[in-house]
Amino acid sequence: MNREQAIAQLKAIIKPYVKDSQALENLSEQTDFIKDLKINSANLVDIVLDIEEAFGIVIDNESMEQMLDVKTALSIIESKSAEK
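When you number the sequence shown by the UniProt record's numbering, it's gap-free, plus one each residue, and the end is 84.
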């Protein structure tokens with residue numbers, strides 16, 4: 001899976017939780033889940049669980065705490081996918 005495919009899959013996962021649909025349309029690697037997309041912290045946990053299921057990975061608590069923007073999320077997804 002290349003980076004664009006991963007971004008597209010991530011975008012589909014976070015779409016139900018986004019409060020600012022315009023920000024979702026402009027999603028980039030610099031997009032912050034809380035500040036830009038207005039996703040609350042409880043929903044971030046749901047997103048992490050959805051990412052684990054979609055990508056077949058396990059995200060530890062330390063990685064989950066760092067997953068606040070698209071770029072970091074993609075990096076974590078890539079590293080956890082490489083581990084399996």
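Virtual Cβ for every residue (Gly too), placed ideally from N, Cα, C.
Being a predicted model, the structure only gives us computed values, none of them experimental.
Notebook entry, point to check: Mapping DSSP to helix, strand and coil, what is Asp-20?
Noted result: coil
Notebook entry, point to check: For Ile-59, which residues from the same chain have a beta carbon less than 8 angstroms from its beta carbon, with the 5 sequence-adjacent residues on both sides left out?
Noted result: Val-48, Ile-51, Glu-52, Met-67, Ile-76 and Lys-80
Notebook entry, point to check: Smallest Cα separation from Met-1: which of Ala-54, Pro-16 and Val-45?
Noted result: Ala-54
Item checked: Cutoff 8 angstroms; reference Asp-69; Cβ partners in own chain excluding five residues on either side -> Glu-29, Gln-30, Thr-31, Asp-32 and Phe-33
Note to self: Going by the DSSP bridge assignment, what does Asp-69 pair with across the sheet?
What the structure shows: Asp-32
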